[in-house]
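**Student:**
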Amino acid sequence: MSPVLIFAGNDYLTQIVTRILVYGILVLSVEMSWGQTGIFTFGQAALFGVGGYATGLIATKANITDIFILIGLALIIGIAIGMLISLFLFSGRRVGELYVALVTLALSYICERLANSWTFLGSGNGVPGIPYPSIFGHSLGSNIQVFYLVLVIFILLMLLCFYIVNSQFGLTMNAVRDDEERAEFFGYKRPRVQIFTFILCAALASIAGCLFAVSEGLVSPSMSGLALSTTTVLWVVLGGRGTLFGPLIAMAVLQIFNTEMQNVLPSLWPILIGIMLLLTMVFLPKGLSSIPNIIKSKREVKTL
Numbered sequence: 038m039s040p041v042l043i044f045a046g047n048d049y050l051t052q053i054v055t056r057i058l059v060y061g062i063l064v065l066s067v068e069m070s071w072g073q074t075g076i077f078t079f080g081q082a083a084l085f086g087v088g089g090y091a092t093g094l095i096a097t098k099a100n101i102t103d104i105f106i107l108i109g110l111a112l113i114i115g116i117a118i119g120m121l122i123s124l125f126l127f128s129g130r131r132v133g134e135l136y137v138a139l140v141t142l143a144l145s146y147i148c149e150r151l152a153n154s155w156t157f158l159g160s161g162n163g164v165p166g167i168p169y170p171s172i173f174g175h176s177l178g179s180n181i182q183v184f185y186l187v188l189v190i191f192i193l194l195m196l197l198c199f200y201i202v203n204s205q206f207g208l209t210m211n212a213v214r215d216d217e218e219r220a221e222f223f224g225y226k227r228p229r230v231q232i233f234t235f236i237l238c239a240a241l242a243s244i245a246g247c248l249f250a251v252s253e254g255l256v257s258p259s260m261s262g263l264a265l266s267t268t269t270v271l272w273v274v275l276g277g278r279g280t281l282f283g284p285l286i287a288m289a290v291l292q293i294f295n296t297e298m299q300n301v302l303p304s305l306w307p308i309l310i311g312i313m314l315l316l317t318m319v320f321l322p323k324g325l326s327s328i329p330n331i332i333k334s335k336r337e338v339k340t341l
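Right under this line is the structure:
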């Protein structure tokens, strides 16, 4: 059935699915960074927020709504910031996951505080009233049109990540993730791999922030803070780090449940999420995506 028939007349449902696709790009950035290369980052929400705020300010203050200009701007900003951070982190001596996590965590905290206090960014109110984007002068005047835009971009970026993961460079990323010293012993340029990957993931997060701004019509300090950074890492843990598709599935399922459970159990739902995370880490260290393999292995044992 066509998505038009499913979403027709239901802007709320359309917006939820669009948001899932946007968060999917953000999850891809964490999965490519941490899941595929071993760069444990808490800074993706900061880059997500930078892309969103840049888009919101350009669209509202300069009245520029062309989606190619907005995405291009977010891409350039993401690459620039990603390059600065990655050169600082990886161009010198080898650093551990904890060091990278603390630096990127501080980045998210700084960005959230800055967005909350800087009047140019709207302080606590953020940037509301972001208009619909346009393509070649034609305004996308409905949520369903924005959905199709986000869907196309999500598919293209998903295919890009899939291609990279299954390429020779993807094997290099996994080698650096599994054992940095051994990867360097075999001649792989660890700093280059980490810097390129971090820049790529920064660009993905910034593009996701741009799409969030044009699809939601506003940006706020919370989109660049610690809560979203932690939640994104949670999605990767639950889905299965290093599986690419697992985190996307976990994110989609949790977002759907989150929409309903926040109304039914607003106080208990965050606690249930925490319990789910603990159980997953204890009993399913490879995430929910490992369940089919566990079931298959048990069946094979029974047949022996």
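Be aware that the sequence shown starts at 38, since it is given in the numbering used here, and climbs by one per residue.
Glycine included, each C-beta is placed from N, C-alpha and C at the ideal position.
These numbers were taken from a predicted model, which means no experiment stands behind them.
Can you tell which of Ser-160, Gly-75, Thr-74 and Leu-281 has its C-alpha closest to the C-alpha of Val-64?
**Tutor:** Nearest C-alpha to Val-64: Leu-281.
**Student:** Distance, Cα to Cα, Val-213 vs Ser-204?
**Tutor:** For Val-213 and Ser-204, the distance between alpha carbons rounds to 15 Å.
**Student:** Flag this pair as yes or no: are the beta carbons of Leu-110 and Val-187 separated by less than 8 Å?
**Tutor:** Result no, Cβ atoms of Leu-110 and Val-187 do not sit closer than 8 Å.
**Student:** In terms of alpha-carbon separation, which member of Met-318, Val-301, Ser-261 and Val-290 lies closest to Leu-158?
**Tutor:** Nearest of Met-318, Val-301, Ser-261 and Val-290 to Leu-158, Cα basis: Ser-261.
**Student:** State the DSSP-derived secondary structure class of Asp-215, mapped to helix, strand or coil.
**Tutor:** Note: Asp-215 maps to helix in three-state DSSP.
**Student:** Can you list, in chain order, the residues of its chain whose CB lies under 7 Å from that of Leu-94, leaving out five sequence neighbours each side?
**Tutor:** Once the five neighbours on either side are set aside, the close Cβ partners of Leu-94 are Val-164.
**Student:** I'd like to know if the stretch 233-252 and the stretch 55-75 are in contact, where contact means that at least 3 CB-CB pairs between them fall below 8 Å.
**Tutor:** As far as the Cβ criterion goes, the stretch 233-252 touches the stretch 55-75, which means the pair count is three or higher.
**Student:** Using the Cβ count rule (16 or more neighbours within 10 Å means buried), how would you classify Asn-47?
**Tutor:** When all chains shown are included, Asn-47 counts as exposed.
**Student:** Less than 8 Å separating the beta-carbons of Ser-145 and Ser-154?
**Tutor:** Result no, Cβ atoms of Ser-145 and Ser-154 do not sit closer than 8 Å.
**Student:** Can you tell me whether Phe-191 is buried or exposed? The criterion is at least 16 other CB atoms within 10 Å of its CB, across all chains shown.
**Tutor:** It is buried - the Cβ of Phe-191 has at least 16 other Cβ atoms within 10 Å.
**Student:** How far does the alpha helix (DSSP H) with Ser-243 in it extend, from its first residue to its last?
**Tutor:** Start and end: 227-253.
**Student:** Could you tell me the alpha carbon to alpha carbon distance between Ser-257 and Leu-265, rounded to whole angstroms?
**Tutor:** Their backbone Cα atoms lie some 12 Å apart in a straight line.
**Student:** What does the Cβ neighbour count give for Leu-342, buried or exposed, with the cut at 16 atoms within 10 Å?
**Tutor:** Only positions 38 to 341 of the chain appear in this structure, which leaves residue 342 out of reach.
**Student:** Whole-angstrom Cβ separation of Gly-119 and Gly-246, contact assumed at under 8 Å?
**Tutor:** Incorrect: roughly 13 Å between the Cβ atoms, too far for contact.
**Student:** For the stretch 170-185 against the stretch 48-60, do three or more pairs of beta-carbon atoms, one drawn from each stretch, fall closer than 8 Å, so that the two count as touching?
**Tutor:** The stretch 170-185 vs the stretch 48-60: in contact.
**Student:** Tell me which residues share the same chain as Ala-152 and place their Cβ nearer than 6 Å to its Cβ, disregarding the 5 neighbours each side in the sequence.
**Tutor:** Within the same chain, Ala-152 has close Cβ partners Leu-158, Pro-258 and Ser-261.
**Student:** Kindly indicate which three-state DSSP category Ile-172 falls into: helix, strand or coil?
**Tutor:** Strand.
**Student:** Does DSSP put Val-164 in a helix, in a strand, or in coil?
**Tutor:** The answer is strand: DSSP assigns Val-164 an E or B state.
**Student:** Can you grab the Cα-Cα spacing for the pair Thr-97 / Phe-223, in whole Å?
**Tutor:** One C-alpha to the other measures close to 51 Å.
**Student:** Taking the alpha-carbon positions, what's the Gly-174 to Pro-168 distance?
**Tutor:** About 13 Å.
**Student:** Would a C-beta distance cut-off of 8 Å place Val-230 and Thr-74 closer than the cut-off?
**Tutor:** Cβ atoms of Val-230 and Thr-74: closer than 8 Å.
**Student:** Check whether the Cβ of Glu-149 lies closer than 7 Å to any heavy atom of the ligand ATP, and answer yes or no.
**Tutor:** Only the bare structure without any ligand can be found here, which leaves the ligand ATP out of the picture.
**Student:** Nearest to Asn-100 by alpha carbon, out of Ser-123, Ser-171, Gly-115 and Pro-228?
**Tutor:** Considering only alpha carbons, the answer is Ser-171.
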